[in-house]
Structures are given as structure tokens and as C-alpha cells.
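Trainee: Dropping the structure in here first, questions after.
There are 2 protein chains.
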Amino acid sequence: MSDLLERLREQGWRLTAQRRVVAEVLNGQHVHYTADEVHARAVERLPEIARATVYNTLSELVALGEVLEVSTDGRAKRYDPNAHHSHQHLVCSRCGTIRDVHPLGDPLATLPESERFGFAISEATVTYRGVCPNCT
Amino acid sequence: MSDLLERLREQGWRLTAQRRVVAEVLNGQHVHYTADEVHARAVERLPEIARATVYNTLSELVALGEVLEVSTDGRAKRYDPNAHHSHQHLVCSRCGTIRDVHPLGDPLATLPESERFGFAISEATVTYRGVCPNCT
DNA sequence: AGCCTACATTGGACATTGTCCAAGTCAAGA
DNA sequence: TCTTGACTTGGACAATGTCCAATGTAGGCT
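If you read the sequences in order, they're chains E and H.
As numbered in my numbering, residues 517 to 652 make up the first sequence, in order.
As numbered in my numbering, residues 517 to 652 make up the second sequence, in order.
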């Protein structure tokens with residue numbers, strides 16, 4: 517954790533109480549919070565932190581590659597602090613549980629040139645859906 | 517197309533001018549519109565159609581399985597009329613445009629047994645992201 | 001240690017997307 | 001053609017996110 521803050525500071529990130537709190541809220545979570553959930557938890561530690569600051573900080577962490585932005589439904593984006601291991605998601609269609617999985621091969625390689633339509637493609641994400649053992 | 521309307525009518529769908537226009541806008545598109553884009557195009561044909569009606573109609577088409585709802589970013593959901601052919605999506609990370617694409621191989625096959633954790637997996641969706649020609 | 005100043009934070013207004021509802025309208029069966 | 005229940009409308013409201021001018025402050029400099 518302090519590794520993270522240290523790394524960011526070396527990249528010229530000014531280390532403020534607000535940013536520290538946001539980073540602490542994200543750290544080590546097994547659930548992915550929405551921005552407002554992060555804000556709610558940050559407020560518990562630093563009562564006057566503004567919503568805009570949380571949004572700003574999350575965007576910065578995403579831009580710096582420290583956190584992933586995940587949008588599972590059409591609603592609020594969620595923030596995944598586990599950005600350093602490339603992984604895909606396995607989702608239970610009954611209960612919504614999400615597991616991280618590691619497929620074979622490079623998903624990007626599966627799209628032939630003729631199907632790229634002039635896009636400069638940089639990323640491919642795969643979501644597997646099925647019924648988990650608990651819901652069977 | 518009239519097939520679609522016919523099928524819906526047989527399911528008890530009341531066939532109104534508004535619904536017809538929404539279905540016509542969606543028909544045969546390989547680029548997927550947001551609800552507001554559908555509304556904008558519907559207005560060209562039926563000037564007084566309400567935004568709420570477009571939202572209602574799209575939700576009904578999704579519930580009836582005639583259209584897929586795709587939410588790739590945290591922004592507006594998009595509607596995919598091509599619900600009867602398996603395909604994947606190519607998304608512009610700038611403007612959010614979505615195209616249908618057909619990758620090589622079966623995405624389901626990329627997840628080894630050891631990574632399935634007892635799930636009965638039935639589906640895999642792949643989302644390719646990049647910058648489209650218009651946004652370059 | 002104290003001062004500067006560029007960068008960060010704040011709070012509120014605004015934007016986008018979507019939902020809800022009461023009142024009016026109309027498709028389609030009798 | 002008449003009736004009726006389903007559909008549409010327009011506007012209010014909700015959820016999420018963005019922007020901005022005023023204020024505060026971290027960290028470098030002396």
C-alpha cells in the first residue's frame with residue numbers, strides 16, 4: 517500500500533490527505549466499489565472530503581494504471597484496485613458472483629484484420645457467464 | 517422486418533406508429549445506437565414521438581428477446597438489433613460507437629477446465645476496445 | 001522554519017441518461 | 001362504430017458524472 521503511494525509520489529503525484537484516504541479505501545478490497553461507495557467510505561475517515569475529489573482521484577488512479585474501471589451493468593462504474601495482474605471475469609448468471617480467471621492465449625489475436633474496420637485496437641476483455649457451484 | 521412486427525403482434529403487442537418507427541430505426545444496423553440516438557432518428561419520421569416512448573419500446577424489445585442491450589462503458593446503453601446471430605463487439609474508447617465483429621475461434625474454448633471453478637459456463641462475450649477511424 | 005506557488009480541493013451548478021406518473025389518445029376486437 | 005385497456009405524452013424527478021471559480025495546501029526553496 518505505502519508502495520503504491522510511494523510510486524505515485526515519484527510520478528509527481530502530490531500526496532494529500534484526500535488522495536491517501538481514497539487509496540486506503542480501495543486497498544485490498546475483494547469487492548469493487550462504485551465512486552459513490554468509495555466516497556461514502558472515505559467520508560468515514562475524512563468527513564469533509566468532496567465527491568468531486570473522489571471522482572478526480574479515481575480518474576487519476578485509472579489514468580496512472582493503478583486501478584481498473586469496470587462497468588458490469590449500465591449503471592455506476594466500479595473500481596478494481598487489482599490492476600497489475602491481467603485477468604478476465606467469470607460471472608455467475610444467478611447470483612452475480614465474480615471470479616478472476618486467466619484464459620489461454622491472447623484475446624486480441626482472435627480478431628482478424630478484416631474485422632477491425634480501421635480501429636486502432638488496444639485491448640480485449642472477455643466475460644464468461646455461467647452458473648456457479650453454489651447456484652447449481 | 518415486417519417479420520419482426522408480425523411476430524410481435526402475435527405475442528399480443530399492440531402495433532402503434534411509434535413502435536413501428538422504433539423498430540424501423542433499429543432494423544439492419546451494424547452500428548448500435550443509444551436510446552437517445554434511436555429517439556433522434558425516430559423523430560425524423562414521427563416528429564412528436566416522446567423520449568419515454570422510445571425508452572419503453574426498447575425495454576420491451578429487450579424483454580421479448582428481439583434486441584440486445586449492450587453496456588460497454590459507464591455511459592449510455594446501446595441497443596443491438598442483431599440478437600439472433602452470435603457476434604462480439606468492437607467499441608471506440610473515445611466516442612463509444614459499437615460495431616459487430618466476428619472473431620476467429622470459439623471464445624468459450626479459451627478457458628481451461630482448471631480455470632472454470634465448477635461453473636457451468638454457457639457464454640463468453642468479448643469486447644475489443646480501440647479508437648475508431650473517425651476519432652483518430 | 002517560513003514563504004511561495006503551482007497544484008489540489010471544495011461545493012454547487014450543470015449535463016447526461018434513465019425512470020415514473022397522471023392525463024390524454026388510440027388500436028383492435030366485439 | 002364503439003369501447004376499453006393498453007399506449008403515449010410531457011414533465012418532474014433520480015442517479016451518476018463533469019465543470020468551474022474560489023479557496024486551501026504540499027513540497028520545494030531560501
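The C-beta atom is built at its ideal place from N, Cα and C for all residues, glycine as well.
Nothing here was measured: the structure is a model prediction, and the numbers come from that model.
Would serine 604 (chain H) and valine 547 (chain H) be called neighbours here (beta carbons separated by less than 7 Å)?
Mentor: Within the second sequence, the letter at position 88 stands for residue 604 (chain H). Within the second sequence, the letter at position 31 stands for residue 547 (chain H). Sequence inspection shows glutamine at residue 604 (chain H); the serine mentioned does not correspond to that position. Contact: no.
Trainee: Would you please state the rounded distance, in angstroms, between the beta carbons of leucine 620 (chain E) and threonine 626 (chain H)? I believe it to be under 8 Å.
Mentor: Locating residue 620 (chain E) in the first sequence gives position 104, counting from the first residue. Locating residue 626 (chain H) in the second sequence gives position 110, counting from the first residue. Yes, they are in contact, since the Cβ atoms of leucine 620 (chain E) and threonine 626 (chain H) sit about 5 Å apart, within 8 Å.
Trainee: Locate the alpha helix (DSSP H) running through aspartate 552 (chain H), then write down its first and last residues.
Mentor: Locating residue 552 (chain H) in the second sequence gives position 36, counting from the first residue. Here the alpha helix (DSSP H) through aspartate 552 (chain H) covers 551 to 561.
Trainee: Which residue from E:Val578, E:Gly528, E:Pro649, E:Glu631 puts its Cα closest to that of arginine 610 (chain E)?
Mentor: As a first step, residue 610 (chain E) must be located in the first sequence, where it is residue number 94. Looking at the Cα atoms, E:Pro649 is the closest of the given residues.
Trainee: Which chain H residues are close to glutamate 553 (chain E), counting only those with a beta carbon under 7 Å from its beta carbon?
Mentor: Position 37 of the first sequence holds residue 553 (chain E). Correct list: empty, because the minimum Cβ distance to chain H is about 14 Å.
Trainee: Please indicate yes or no: does the CB of glutamate 631 (chain H) lie closer than 6 Å to some heavy atom of the ligand ATP?
Mentor: Only the bare structure without any ligand can be found here, which leaves the ligand ATP out of the picture.
Trainee: Quick one: grab the DSSP three-state call for serine 638 (chain E).
Mentor: As a working note, residue 638 (chain E) is residue 122 in the first sequence. In this structure, serine 638 (chain E) counts as strand in the three-state DSSP scheme.
Trainee: Between which two residues does the beta strand (DSSP E) holding leucine 584 (chain E) run?
Mentor: As a first step, residue 584 (chain E) must be located in the first sequence, where it is residue number 68. Leucine 584 (chain E) -> beta strand (DSSP E) spans 584 to 586.
Trainee: Under the rule that 16 or more other beta-carbon atoms within 10 Å means buried, what is histidine 555 (chain E), buried or exposed?
Mentor: Within the first sequence, the letter at position 39 stands for residue 555 (chain E). So histidine 555 (chain E) ends up on the buried side.
Trainee: Check whether the Cβ atoms of valine 583 (chain E) and tyrosine 595 (chain E) sit closer than 7 Å, and answer yes or no.
Mentor: Within the first sequence, numbered from 1, the residue matching residue 583 (chain E) stands at position 67. Within the first sequence, numbered from 1, the residue matching residue 595 (chain E) stands at position 79. Closer than 7 Å, so yes.
Trainee: Establish whether the CB of glycine 573 (chain E) and some CB of chain H are separated by less than 7 Å.
Mentor: Taking the first sequence and counting its residues from 1, the one referred to as residue 573 (chain E) is at position 57. Correcting the residue type first, residue 573 (chain E) is threonine in the shown sequence and not glycine. Not an interface residue.
Trainee: Compare the beta carbon distance of glutamine 527 (chain E) and threonine 569 (chain E) with 7 Å and say whether it is the shorter of the two.
Mentor: Along the first sequence, one-based indexing puts residue 527 (chain E) at 11. Along the first sequence, one-based indexing puts residue 569 (chain E) at 53. It is not a contact, given that the beta carbons lie outside the stated cut-off.
Trainee: With 16 as the cutoff for other CB atoms within 10 Å, does proline 597 (chain E) come out buried or exposed?
Mentor: Residue numbering aside, residue 597 (chain E) sits at position 81 when the first sequence is read from its first letter. So proline 597 (chain E) ends up on the buried side.
Trainee: Can you pull out the residues from the stretch 624 to 638 of chain H whose beta carbon lies closer than 8 Å to at least one beta carbon of chain E?
Mentor: Against chain E - using a Cβ distance shorter than 8 Å - the residues of the stretch 624 to 638 of chain H are Leu624, Thr626, Leu627, Pro628, Glu631, Arg632, Phe633, Gly634, Phe635, Ala636, Ile637, Ser638.
Trainee: DSSP three-state label for aspartate 589 (chain H), please.
Mentor: Here the question's residue 589 (chain H) lines up with position 73 in the second sequence. Reduced to three states, the DSSP call for aspartate 589 (chain H) is coil.
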